[in-house]
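**Student:** Would you mind keeping the following structure in view while I ask a few things?
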Amino acid sequence: MEHMAALQRTVAELREHCPWTRALDHQALAGYLTEEAEEVSEEIRAGSMGDPLRKELGDVLLQVVLHAQLAAERGEFTLDDVAEAMYSKLVRRSPHVYRPDGTLDLAGRVSRRSRLPGSASKLKRNRKKENSHVPHRQRLWARDPRFPREPHGGG
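FYI, my numbering numbers position 103 of the sequence shown as 742, with every residue one higher than the one before it.
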């Protein structure tokens, strides 16, 4: 994970020495995170794998590292805390694979297969959201406070 450590160090240095990066806050970054996640989704839907997907995932990772760095500067949490929370969630949500302490439980896997969480149906519901047909940039604009929600004029 040497590149992950280098990424964290670089983001910390940019926060300290780059005026633009130093001025960023969670609110300013929120739209970028959404946009980058949409770009990953577009690459996948387009069938682009390999390098194009790797680069888009890197853009999402940068957003996560930036948000964690902001939080660390405020003494709230670190990137490692984010990873720990996700690790714990994966273990907790996968009792058919892991024991509560996080160790693999391959012997119990088959017997618990019938108790699998309903994540597949949840994923299908999420894919069918009302605005899934709307281009991602249009969805971003709809959430941007600089753009009016209602048309101007009488009424």
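In this text, a Cβ means the ideal position worked out from N, Cα and C, and glycines have one as well.
1. When the Cα atoms are used, what is the spatial distance from Pro739 to Arg732?
2. Just how far apart, CA to CA, sit Leu718 and Asp664?
3. Compute the beta-carbon to beta-carbon distance between Leu692 and Ile683, rounded to the nearest angstrom, for a pair I have assumed lies under 8 angstroms.
4. Using the three-state DSSP reduction, which class does Leu745 fall into: helix, strand or coil?
5. Is Leu743 buried or exposed, if buried means 16 or more other CB atoms sit within 10 Å of its CB?
6. If Val704 sits next to Val650, beta carbons under 8 angstroms apart, how far is it from one beta carbon to the other, in whole angstroms?
7. Span of the alpha helix (DSSP H) holding Met643?
8. From Val679 to Glu695, what does the alpha carbon distance come to, in whole angstroms?
9. Compute the distance between the beta-carbons of Arg654 and Glu715, then report whether it is under 8 angstroms.
10. In angstroms, rounded to a whole number, what distance separates the CA positions of Met640 and Gly689?
11. Just mark His706 as buried or exposed, buried being the case when its beta carbon has 16 or more other beta carbons within 10 Å.
12. Work out the CA separation of Gly670 and Glu677 for me, nearest whole Å.
13. What's the call for Glu652, buried or exposed, on a 16-neighbour Cβ count within 10 Å?
14. Rounded to whole angstroms, what is the Cα-Cα separation between Leu729 and Leu745?
15. Going by CA-CA distance only, name the one from Glu674, Ala724 and Leu700 that's closest to Ala645.
**Tutor:** From the atom records:
1. 10 angstroms
2. 16 angstroms
3. 7 angstroms
4. coil
5. exposed
6. 5 angstroms
7. Glu641 to His656
8. 5 angstroms
9. no
10. 20 angstroms
11. buried
12. 11 angstroms
13. exposed
14. 16 angstroms
15. Leu700
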